[in-house]
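First residue of the sequence shown? That's 8 in this note's numbering, and the numbers climb one at a time after it. Here's the structure we're looking at; comments come further down.
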Amino acid sequence: DAIVGPFTSAIAAAIVPLANEARVVMVSPTVTSGDFVGKDDYFVRINRTTRDNASDYATQLSRRGQKRVAVAYDQRNRAFSESWLGEFRTAAAALGAPPVGEVGFESRADADFASIIAAMLDTRPDGLLFIASAADVARLAQQARRLAPALPISASEWAATEQLVVLGGEVIEGLLIAQGFNRDDTSARYRE
């Protein structure tokens, strides 16, 4: 009758047309890409959009004095990461702080995360931003702490899972990451 999911924008890009054709409602708790906004179809998102999230990040990083941010983004989930990056680019530019470097990579077991961080550092940033999964953010943070230990790091909400804490350990201390809700909220309004 209905499908809960998908959980990534890349998968949504592949299956939303099929769900529309079959007239099956899909409800996603996590998809945020702007590619799925404002459409009259069978796909329902219940999360904020990449525009909302990326704009909030641009504002927060700017307030923290990060005017020269380098970005690494996972190209295997292009529907999300490129949407998020585009929205961040626009919002940061409006604040007078467009990204100074953008490094695309493909999430793979053999990805060279040290080279990704080195390419980001070549742009002489005052902050690093990762648009990637928890596992990749943990590996990027590890290399960032090794190559530029004092540089502030942040990651898109995609990485905000328990896996990030488990895999990242102390290298993610101080990492800025936003959440659109507090799942530990015990208020009546949240429970309702």
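Where a beta carbon is used, it is the ideal one built from N, C-alpha and C, also for glycine.
Cα-Cα, which of SER122, THR39, SER114, ASP133 is closest to ASP143? SER114
Residues in the same chain with beta-carbon distance under 6 Å from THR57, minus the five sequence neighbours each way, listed in chain order, please. THR39, SER40, GLY41, SER90, TRP91, GLU94
Quick check on ALA145: buried or exposed, where buried means 16 or more other Cβ atoms within 10 Å of its Cβ? Per the 10 Å Cβ criterion, buried.
When you compare each of THR37, GLY45, ALA126 to LEU147 by their alpha carbons, which one comes out closest? ALA126
Please state whether DSSP places GLU199 in a helix, a strand or coil. The DSSP-derived three-state label of GLU199 is coil.
Return the chain-ordered list of same chain residues with a C-beta closer than 6 Å to the C-beta of GLN82, the five sequence neighbours on each side being excluded. GLY111, GLU113
Between the beta-carbon of ILE184 and the beta-carbon of ALA157, is there less than 7 Å? no
Using the beta-carbon count (16 or more within 10 Å), is SER62 buried or exposed? buried
8 Å contact criterion, which GLU164 and ASN60 should meet: CB distance rounded: 6 Å
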